[in-house]
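Colleague: What follows is a single structure, and I will ask about it in a moment.
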Amino acid sequence: MLKLHNKEFKPFISTKEIETVIQEMVNEISQDLGDEVPVFVGILNGSFMFTSDFVKKYPKPCEVTFIKLASYEGVKSTEDIQRLIGLTQDLTGRSVIILEDIIDTGNTLAEVHRIFKNENVKQLKIATLFYKPDAYKKDFKIHYVGIKIPNKFIVGYGLDYDGLGRNLPEIYQIKETQFMTNLVLFGPPGAGKGTQAEFLKEKYNLVHISTGDVFRFNIKNETALGMLAKSYIDKGELVPDQVTIDMLEAEVEKNSSANGFIFDGFPRTNAQAEALDKLMESKDSSINAMIALEVEDEILVKRLVERGKTSGRADDADEAIIRNRITEYYKKTAVLKDYYSAQNKYYGVDGVGSIEEITKRLSAVIDKL
Ligand code: AMP
1 MLKLHNKEFK PFISTKEIET VIQEMVNEIS QDLGDEVPVF VGILNGSFMF
51 TSDFVKKYPK PCEVTFIKLA SYEGVKSTED IQRLIGLTQD LTGRSVIILE
101 DIIDTGNTLA EVHRIFKNEN VKQLKIATLF YKPDAYKKDF KIHYVGIKIP
151 NKFIVGYGLD YDGLGRNLPE IYQIKETQFM TNLVLFGPPG AGKGTQAEFL
201 KEKYNLVHIS TGDVFRFNIK NETALGMLAK SYIDKGELVP DQVTIDMLEA
251 EVEKNSSANG FIFDGFPRTN AQAEALDKLM ESKDSSINAM IALEVEDEIL
301 VKRLVERGKT SGRADDADEA IIRNRITEYY KKTAVLKDYY SAQNKYYGVD
351 GVGSIEEITK RLSAVIDKL
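Counting in the working numbering, the sequence shown tops out at residue 369, every number present.
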């Protein structure tokens with residue numbers, strides 16, 4: 001983590017990735033230009049590193065120059081006009097490649113086009129190392145793009161935050177604290193997680209993700225994931241970690257603007273818990289609590305046999321499979337109690353009683369978080 005002035009930043013794009021991308025841009029541009037001797041024009045201050053690394057890799061003769069974006073006080077006191085200065089060379093008939101560190105709104109690009117309008121260049125091409133498609137508001141063509149990035153503030157590799165960070169060899173992204181409530185609803189099969197999640201998601205405006213439901217949806221639709229998962233699920237065994245983790249990440253990504261999540265049936269192993277922590281961290285968030293519904297085995301078996309009469313679930317139809325699921329739960333999953341206890345995030349709640357009573361007990365825990 002990195003702190004500049006009052007803001008925190010997290011590592012985003014490594015030196016290695018930047019280098020690879022620049023090499024690709026060099027290859028593409030040098031191929032397009034053939035035997036032309038181009039003039040590379042870096043836009044100061046931001047693109048000094050990019051321009052330097054780019055031209056060092058450029059395999060053929062070329063010229064390099066810089067222009068600078070300067071702020072002038074506008075006619076009205078609140079208005080700030082940006083002007084490019086430093087273009088002193090005659091560029092008539094030349095192939096000019098602008099090297100930009102980043103294009104976001106496109107305001108600088110508009111300036112570039114304004115000053116090159118009367119230069120009679122042979123061709124003017126725009127190359128940018130970073131590009132924010134969601135922020136770009138202009139129609140100018142961008143000929144070469146290194147990496148497309150989301151519309152979030154970045155520093156490093158020539159880019160600054162209020163003067164600092166230009167010297168960093170890699171890119172950092174601003175850390176935005178999101179106020180999410182993320183709960184892991186935990187408990188053996190038949191503990192009532194699904195039922196309770198329905199109430200809690202309404203009450204706290206959260207997105208409920210049940211990995212069991214997602215698997216069943218995929219099985220019903222005969223997707224590749226469904227086919228793979230079915231063989232495990234029908235026996236009451238766990239689906240392999242990587243398959244489940246990839247699926248869960250995709251579900252979370254589908255709901256990127258959520259207030260928070262109720263994870264139901266996930267994590268079930270330590271590897272899944274670690275993957276979930278990493279995923280939450282990538283969202284500048286975390287798991288707030290694991291709430292476990294505690295219910296005795298014999299009550300669970302009775303509830304599941306009862307549910308199997310109407311649910312149509314193959315894994316509810318047979319008492320031996322039901323017992324196997326409960327055994328699997330304690331064998332593989334109960335270790336998660338230790339995982340979350342170690343972070344002081346484990347809350348056990350009595351899962352026997354009426355649905356309303358149990359909702360009340362769960363809400364009492366959540367309200368205190
Ligand atoms: P559930 O509806 O949560 O009882 O899940 C039904 C079945 O889906 C489980 O018995 C597993 O076979 C599979 N499953 C659901 N969630 C996971 C998970 N997190 N990891 C591995 N398998 C899972």
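No residue lacks a Cβ here, since even glycine has one placed at the ideal position from N, Cα and C.
Taking contact to mean 3 or more Cβ pairs, one atom from each stretch, closer than 8 Å, check whether the region 183-203 and the region 43-50 are in contact.
Modeller: As far as the Cβ criterion goes, the region 183-203 does not touch the region 43-50, which means the pair count is below three.
Colleague: I want to check one thing, is the minimum distance from the CB of P61 to the heavy atoms of the ligand AMP below 7 Å?
Modeller: No, since every heavy atom of the ligand AMP falls outside the 7 Å radius drawn around the Cβ of P61.
Colleague: Find the nearest neighbour of F9 within the set D241, L164 and E296, judged by alpha-carbon distance.
Modeller: Among D241, L164 and E296, the Cα nearest to that of F9 is on L164.
Colleague: Taking Cβ to Cβ, would you say L4 is nearer than 8 Å to Y157?
Modeller: Their beta carbons are not under 8 Å apart, which means L4 does not touch Y157 by this criterion.
Colleague: Per DSSP, which one or two residues make a beta bridge with N182?
Modeller: Paired residue(s): F261.
Colleague: Using CA coordinates, which residue listed in E28, D101, I291 and N259 is at the minimum distance from K337?
Modeller: Selected option, being the one with the closest Cα: I291.
Colleague: Can the beta-carbon of D264 be found less than 8 Å from the beta-carbon of S210?
Modeller: Cβ atoms of D264 and S210: closer than 8 Å.
Colleague: Taking 7 Å as the cut-off, is the CB of P150 close to at least one heavy atom of the ligand AMP?
Modeller: P150: no, Cβ never under 7 Å from the ligand AMP.
Colleague: Looking at the structure shown, is V252 part of a helix, part of a strand, or coil, going by DSSP?
Modeller: Note: V252 maps to helix in three-state DSSP.
Colleague: If we count the other Cβ atoms within 10 Å of its Cβ and call it buried at 16 or more, is E100 buried or exposed?
Modeller: Counting Cβ neighbours within 10 Å, E100 comes out buried, since at least 16 surround it.
Colleague: Short check: CB of M1 to CB of A127, under 8 Å?
Modeller: No. Outside cutoff.
Colleague: Could you have a look at E79 and say whether DSSP puts it in helix, strand or coil?
Modeller: Confidence is the limiting factor: at E79 the pLDDT is only 43, short of 50, which leaves the residue's position unreliable and the question unanswerable from this model.
Colleague: Can you tell me whether D315 sits near the ligand AMP, meaning its C-beta is under 7 Å from at least one heavy atom of the ligand?
Modeller: Yes; taking the cut-off as 7 Å, the Cβ of D315 has a heavy atom of the ligand AMP nearer than that.
Colleague: Helix or strand or just coil, what does DSSP make of S282?
Modeller: Correct three-state label for S282: helix.
Colleague: Is it buried or exposed for L300, if we count other Cβ within 10 angstroms and need 16 for buried?
Modeller: By the neighbour-count rule (16 or more Cβ atoms within 10 Å), L300 is buried.
Colleague: Taking 7 Å as the cut-off, is the beta-carbon of S210 closer than that to any non-hydrogen atom of the ligand AMP?
Modeller: Flag set: Cβ of S210 near the ligand AMP.
Colleague: Anyone know if the C-beta pair for I262 and L183 falls short of 8 Å?
Modeller: Yes, the Cβ-Cβ distance between I262 and L183 is below 8 Å.
Colleague: Determine the direct distance from the alpha carbon of T65 to that of K125, and round the result to whole angstroms.
Modeller: Approximately 15 Å, taken between the alpha carbons.
Colleague: Is it the case that the CB of I233 approaches a heavy atom of the ligand AMP more closely than 7 Å?
Modeller: Yes, since a heavy atom of the ligand AMP falls inside the 7 Å radius drawn around the Cβ of I233.
Colleague: Return yes when at least one heavy atom of the ligand AMP lies under 7 Å from the C-beta of L238, else no.
Modeller: At least one heavy atom of the ligand AMP is nearer than 7 Å to the Cβ of L238, so yes.
Colleague: Please determine whether the Cβ atom of T244 lies at a distance below 7 Å from any heavy atom of the ligand AMP.
Modeller: Yes, the Cβ of T244 comes within 7 Å of a heavy atom of the ligand AMP.
Colleague: Closer than 7 Å to a non-hydrogen atom of the ligand AMP - does that hold for the CB of P189?
Modeller: Yes, the beta carbon of P189 sits closer than 7 Å to at least one heavy atom of the ligand AMP.
Colleague: Spatial neighbours of Y347 within its chain, please: C-beta separation below 8 Å, excluding the five flanking residues on both sides.
Modeller: Cβ within range, chain order: A289, M290, I291, A292 and V365.
Colleague: Report the start-end ranges of each alpha helix (DSSP H) in the region 282-349 that is 4 residues or longer and not cut off at the edges.
Modeller: Listed in chain order, they are 297-311, 319-328 and 335-342.
Colleague: DSSP three-state label for I142, please.
Modeller: In the structure shown, I142 sits in coil (DSSP, three-state: anything other than H, G, I, E or B).
Colleague: From what residue to what residue does the alpha helix (DSSP H) around S30 run?
Modeller: T15 to L33 is the extent of the alpha helix (DSSP H) around S30.
Colleague: Inspect the CB distances between the region 237-253 and the region 266-275 and report whether three or more fall short of 8 Å.
Modeller: Segments in contact, yes.
Colleague: Leaving out five residues before and five after E251 in sequence, what residues of the same chain have Cβ atoms less than 7 Å from its Cβ?
Modeller: Same-chain partners within the cutoff: I209 and V214.
Colleague: Just how far apart, CA to CA, sit K302 and T181?
Modeller: Spanning the two alpha carbons is a distance of roughly 33 Å.
Colleague: Quick check: D234 and A314, are their CB atoms within less than 8 Å of each other?
Modeller: Their beta carbons are under 8 Å apart, which means D234 touches A314 by this criterion.
Colleague: Along the beta strand (DSSP E) that carries V112, what are the first and last residues, could you check?
Modeller: Unbroken run through V112 is the alpha helix (DSSP H), N107 to F116; no beta strand (DSSP E).
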